[in-house]
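Please read the structure below before turning to the comments.
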Amino acid sequence: MKRTTTALVAGILATLPFAALAEDSSDPIVIPIHNWSSQIVMSNVVGQLMESLGNNVEYVTTDSQAVYESVRLGDVTLEMEVWEGAFGASFRAAMEKGGIVDAGDHNAVTREDGWYPMWTKDACPGLPSWKALNECAALFATAETGDKGRYLDGPVDWLKHGQERVEALDMNFVVVNAGSAAALWAEIGAAEAD
2 MKRTTTALVA
12 GILATLPFAA
22 LAEDSSDPIV
32 IPIHNWSSQI
42 VMSNVVGQLM
52 ESLGNNVEYV
62 TTDSQAVYES
72 VRLGDVTLEM
82 EVWEGAFGAS
92 FRAAMEKGGI
102 VDAGDHNAVT
112 REDGWYPMWT
122 KDACPGLPSW
132 KALNECAALF
142 ATAETGDKGR
152 YLDGPVDWLK
162 HGQERVEALD
172 MNFVVVNAGS
182 AAALWAEIGA
192 AEAD
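Residues 2 to 195 in this note's numbering are what the sequence shown lists, from first letter to last.
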């Protein structure tokens, strides 16, 4: 909880200078919304803070890779999160062109890793070794993947490199990208119910 609070406070403090700049303008503070929960929450909290200070705020759905260039060009006012593994290259490219300010970072620690629900271990007893997955691939097969298992990955724009991982490990799986975080969780819930 401390890290979440620290991240939230850091995000709010980092945006306060924008409030001062916006006081003389009726133009909206344009805040992007992406397809994962922490960014949506942080953007809404900061937006509501800006509104409470009397500013006009507009939320726009944006591409999570192109958003840094949108900030640089002035089409979007600020971005609340940069997940280094997925968006670091896009962020750095925009920074190198100029016209964008890195307002700082926070101490929140992220962990991106492969995982499986515990109910899967009964069906595939060789887990957690990834090598066991090839022996159990048929258990994860769907009509879409034929006799290969389905490797459910996050949305394509999250750049999780599932395809590269499956190929490098010579896994008997087909990578299927969920369309959103909500779709990913819905698929996991449906698999557990099945």
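Ideal Cβ placement from N, Cα and C applies to all residues, glycine included.
Gln40 is classed as buried because its beta carbon has at least 16 other beta carbons within 10 Å across all chains shown. Ala142 sits in a strand when the DSSP states are folded into three classes. Distance from the CA of Glu136 to the CA of Ala192, rounded to the nearest whole angstrom, comes to 19 Å.
Checking the DSSP bridge columns, you'll see Ile30 partnered with Val58.
Rounded to the nearest whole angstrom, the CA to CA distance from Gly150 to Leu54 is 52 Å. The criterion of a C-beta distance shorter than 9 Å is not satisfied by Ala179 and Leu160. Apart from the 5 residues on each side of it in sequence, Asn57 sits with its Cβ closer than 6 Å to the Cβ of Pro29 in its chain, given in chain order.
A distance below 8 Å between beta-carbons, with the five flanking residues on each side excluded, links Ala182 to the following residues of its chain, in chain order: Asn36, Trp37, Ser38, Gly155 and Pro156. Bridge partners of Gly150 according to DSSP: Ala142 and Phe174.
Within the model, the alpha-carbon separation for Glu80 versus Thr111 is close to 18 Å. Close CB contacts of Glu113 within its chain, under the 7 Å cut and outside five residues either way in sequence, are with Gly86 (chain order).
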